[in-house]
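K.L.:
Per numbering that gives the first Met the number 0, the very first residue in the sequence shown carries number 0; after that it's consecutive.
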Amino acid sequence: MEVSMMEIQVQRMYRFETDRPLKAFVDIVVNDVLLIKGVRVMDGKKGLFVSMPREQAKDKKWYDTIRCLTQEIRDQITEVVLSAYKEE
0 MEVSMMEIQV QRMYRFETDR PLKAFVDIVV NDVLLIKGVR VMDGKKGLFV SMPREQAKDK
60 KWYDTIRCLT QEIRDQITEV VLSAYKEE
């Protein structure tokens, strides 16, 4: 199955100016039909990375609510979000 590139746009970004690892919350739009809220820009040991939305369950564990099924789509989302973060 061939996967074509999706059109991904940053709709809104809320930046945090702190020393904590969380640097921003981002909402993205995919192909003008899907809004994903709560994508996070994090600062880790290897630099900035993108973390998908997740929720804490009753068992106190965190579970992803959005999961990329291919590495290509994950890479594309990461590229778009980090580019927007660095431009602002």
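Ideal Cβ positions, reconstructed from N, Cα and C, are used throughout, including at glycine.
Helix, strand or coil: which one does DSSP assign to MET0?
P.N.:
Note that MET0 scores 44 on pLDDT, short of 50, meaning its location in the model is unreliable and no value can be drawn from it.
K.L.:
Ignore the nearest five residues each way along the sequence and tell me which others in GLN55's own chain have a CB closer than 7 Å to its CB.
P.N.:
Closer than 7 Å at Cβ, skipping near neighbours: TRP61.
K.L.:
State the start and end residues of the unbroken beta strand (DSSP E) segment that holds GLU54.
P.N.:
53-55
K.L.:
Within its chain, find whatever has a CB closer than 6 Å to the CB of ASP10; leave out the 5 residues flanking it on each side and keep chain order.
P.N.:
Note on residue identity: the sequence assigns Gln, not Asp, to residue 10. Here the set comprises ASP26 and VAL28.
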